[in-house]
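Single-structure report; data block below.
In our numbering, the protein residues as written are 4 to 567.
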């Protein structure tokens, strides 16, 4: 098959197919995260980021590829979540800039766009690391340029880019020792490959790329622990809804009086595939979980019951959700029209922090934070989330505290779009964010505050206690699934069978002769009584150290520790 020119229609189809392939691979990509903490969100972040780009592209009526690429890039920029999402947005920003004035693309234009994406992405990352999505983007683009010099067939160029991405991804463990240590390839690189695979499928006229049976099995086992998002799914309009009920079931295989069949993953998934769309099926030897948009939720439940008993059911009427959203939007628009003139900034400074857990959020507010964005591990705010918060706080100068290493890049990207002076204090933990606030001075310039707050954030040592989602070994620490890990300054230091022991041992590792104050922030799965008991025992040993217990109610981490 030969294709020598990409038109707007073909570019649209290519991008949509890339998004679909990424969505299909999302859970597998999540499972590739190196650390076995319950925050496998690379696939989720990349998928949400690219989906934002696809939706923005769909809004464009242009018949020029360059303008469509610009719409994709803009949507990705605003929707970018996590470091992987931000880098993905930069790849397609450079991609679009390379073909801005193009109505259609030939093979050389096409290859040049991928090369432009690589250039922009490397510029966006302060310290590029090889063995990541950047390497996969660069090496695949080089193969594309070489192929374009030999042929006018764009399909052959895209095939070379995909082949290059596959080979580059396979080599990532050789470039990043931690990947080899854990036995995975780079998750961001896998996400980019998925997008490119979708591009190729569309250019070849294929509806989709069927997943290999072994890959499906790997995905199912890797995500037997995964839970579906609790938030409702909100389509844009009623017209876009083909199947109106977002349906989720969880089945315990082989149990219950309705069981009449032995479970077969491929057979079950293929049957469900005929009953709706947005299908996701994950399973292990005991449990199968299903997410599907369908017109007949009862039928899905009955099909599940053939293999076992239902232990979880969730059904949302998406048409009703859209009607409710439309009514809310109408009310908001009417209220907005009542505002005679735009308001002027009411405050000199505003500080926006990211945190999860009502206790921690309230703590930040009590320390002078103007607005707290809900987020952290597993739920990274997008660039657009920051922009909207900046608009809401209505201040002349803005300070952003991301409080998570995977949110810093999205916050930095927001500063480039914000219409008022905005800086990021690159805090990577909650304790760093809290410490930085101690140096804030309302009378200082924004540059002075950035310098002083950043310096203060470095004066604290951060620790976390959370559980492991798989067996692995990192930096000589053997970790069993469901063990509790002690993490200090981002490094897993220990792995034990219970949370109190993990807390006690991690605290002892963090204590130095200079330590004066230790704060233990208790999460929703932690225990205030346990924290108090351990603190009392340590106070006898470390007489000069003051211990504080705070109820943070944060998810994921049983305990967050700050040592100053």
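A virtual CB, placed ideally from N, CA and C, is assigned to each residue, including glycine.
Exercise. Quick one: measure Cβ to Cβ for residue 258 and residue 311, integer angstroms, because I've assumed they're closer than 8 Å.
Key: The distance from the Cβ of residue 258 to that of residue 311 is about 5 Å, consistent with a contact at the 8 Å cut-off.
Quiz item: Can you tell which of 322, 505, 187, 54 has the C-alpha that lies nearest to the C-alpha of residue 134?
Solution: Across the set 322, 505, 187, 54, the C-alpha of 187 shows the shortest separation from the C-alpha of residue 134.
Quiz item: In chain order, which alpha helix (DSSP H) runs of at least 4 residues are fully inside the region 168-218?
Solution: If we require 4 residues or more, the alpha helix (DSSP H) runs fully inside the region 168-218 come out as 180-185, 190-206.
Quiz item: Under 7 Å between the Cβ atoms of residue 92 and residue 80?
Solution: A contact, by the Cβ cut-off of 7 Å.
Practice problem: Using three-state DSSP, classify residue 111 as helix, strand or coil. | Solution: Reduced to three states, the DSSP call for residue 111 is helix.
Exercise. Check whether the Cβ atoms of residue 5 and residue 156 lie closer than 7 Å to each other.
Key: Their beta carbons are under 7 Å apart, which means residue 5 touches residue 156 by this criterion.
Quiz item: Residue ranges of each alpha helix (DSSP H) run of no fewer than 4 residues wholly in the region 444-528, ordered along the chain?
Solution: With a minimum length of 4 residues, the continuous alpha helix (DSSP H) runs that stay inside the region 444-528 are 449-460, 502-513.
Quiz item: Rounded to a whole number of angstroms, what is the C-alpha to C-alpha distance between residue 574 and residue 108?
Solution: This structure does not reach residue 574, given that the chain is present from 4 up to 567, and the question cannot be answered.
Self-check item: Alpha carbon of residue 418 to alpha carbon of residue 126, nearest angstrom
Solution: Answer to the nearest angstrom: the Cα atoms are 16 Å apart.
Exercise. Kindly indicate which three-state DSSP category residue 564 falls into: helix, strand or coil?
Key: In the structure shown, residue 564 sits in a strand (DSSP, three-state: E or B).
Quiz item: Using the beta-carbon count (16 or more within 10 Å), is residue 301 buried or exposed?
Solution: In the assembly as shown, residue 301 is an exposed residue. Its beta-carbon has fewer than 16 other beta-carbons within 10 Å.
Quiz item: So who's on the other strand from residue 403, going by DSSP bridges?
Solution: 355, 427.
Quiz item: Touching or not, the region 359-373 and the region 431-445, by the rule of three or more beta carbon pairs under 8 Å?
Solution: Taking a cut-off of 8 Å on C-beta distances, the region 359-373 touches the region 431-445, as three or more cross pairs fall below it.
Quiz item: If you count every other CB in all the chains shown that lies within 10 Å of the CB of residue 180, and 16 or more means buried, which is it?
Solution: Exposed, by the Cβ-count rule.
Quiz item: Apart from the five residues just before and just after residue 284, which ones in its own chain have a Cβ nearer than 6 Å to its Cβ?
Solution: Same-chain partners within the cutoff: 272, 293.
Quiz item: Is the beta carbon of residue 401 sitting closer than 7 Å to the one on residue 425?
Solution: Annotated as proximal: residue 401 and residue 425, with beta-carbon spacing under 7 Å.
Quiz item: Of the residues 122, 160, 171, which one's Cα is nearest the Cα of residue 138?
Solution: Comparing alpha carbon positions, the residue from 122, 160, 171 closest to residue 138 is 171.
Quiz prompt | Outcome for residue 175 when other beta-carbon atoms lying within 10 angstroms are tallied against a minimum of 16 | solution = By the neighbour-count criterion, in which a residue is buried when 16 or more other Cβ atoms sit within 10 angstroms of its Cβ, residue 175 is buried.
Exercise. Tell me whether the beta-carbon of residue 409 lies closer than 7 Å to the beta-carbon of residue 85.
Key: Yes.
Quiz item: CB residue 98 to CB residue 119, shorter than 7 Å?
Solution: It is a contact, given that the beta carbons lie within the stated cut-off.
Exercise. Along the beta strand (DSSP E) that carries residue 256, what are the first and last residues, could you check?
Key: Segment 248-256, the beta strand (DSSP E) holding residue 256.
Practice problem: Would you tell me roughly how many angstroms separate the C-alpha atoms of residue 308 and residue 57, rounded to the nearest one? | Solution: Cα to Cα, the separation comes out at about 36 Å.
Exercise. Go through its chain and collect everything with a Cβ distance to residue 552's Cβ below 7 Å, but skip five positions before and after it.
Key: Here the set comprises 523, 525, 531, 534, 535, 538.
Practice problem: Classify residue 489 as buried or exposed, calling it buried when 16 or more other Cβ atoms lie within 10 Å of its own Cβ. | Solution: It is buried - the Cβ of residue 489 has at least 16 other Cβ atoms within 10 Å.
Quiz item: residue 406 and residue 386 look like a contact to me (Cβ under 8 Å); what is the Cβ gap, rounded to whole Å?
Solution: That pair is no contact at about 16 Å.
Quiz item: At a cut of 8 Å, does the region 480-488 reach the region 392-399 through at least three beta carbon pairs?
Solution: No: the two stretches stay apart, fewer than three of their Cβ pairs being nearer than 8 Å.
Quiz item: If we ignore side chains and look at the alpha-carbon of each, how far apart do residue 376 and residue 427 end up?
Solution: Note on geometry: alpha-carbon atoms of residue 376 and residue 427 lie some 14 Å from one another.
Quiz item: Where does the unbroken alpha helix (DSSP H) through residue 47 begin, and where does it stop?
Solution: Going by DSSP, residue 47 is part of the alpha helix (DSSP H) stretching over 45-62.
Quiz item: Applying the criterion that 16 or more other CB atoms from any shown protein chain within 10 Å of the CB defines a buried residue, is residue 445 buried or exposed?
Solution: Counting C-beta atoms within 10 angstroms of its own C-beta, residue 445 has fewer than 16 neighbours from the protein chains shown and is therefore classed as exposed.
Quiz item: Would you say residue 556 touches the ligand NAP, meaning its beta carbon is less than 6 Å from a heavy atom?
Solution: This structure simply doesn't include the ligand NAP, nor any ligand for that matter.
Quiz item: Does the Cβ-Cβ distance between residue 77 and residue 59 come in under 7 Å?
Solution: In contact: residue 77 and residue 59 (Cβ atoms closer than 7 Å).
Practice problem: Pick out the complete beta strand (DSSP E) segments inside the region 281-331, 3 residues or longer, and give them in chain order. | Solution: If we require 3 residues or more, the beta strand (DSSP E) runs fully inside the region 281-331 come out as 290-297, 311-320.
Self-check item: residue 472 vs residue 502 beta-carbon contact at 7 Å
Solution: Judged by their CB atoms, residue 472 and residue 502 are not nearer to each other than the 7 Å cut-off.
Quiz prompt | Between the CA atoms of residue 352 and residue 228 - distance to the nearest angstrom | solution = Its pLDDT being 36, under 50, residue 228 is placed unreliably by the model, and nothing is read from it.
Self-check item: DSSP bridge partner residues for residue 374 (one or two, in chain order)
Solution: Partner(s): 355.
Exercise. Could you pull the start and end residues of the beta strand (DSSP E) that residue 552 belongs to?
Key: According to the DSSP assignment, residue 552 belongs to the beta strand (DSSP E) that extends over 549-554.
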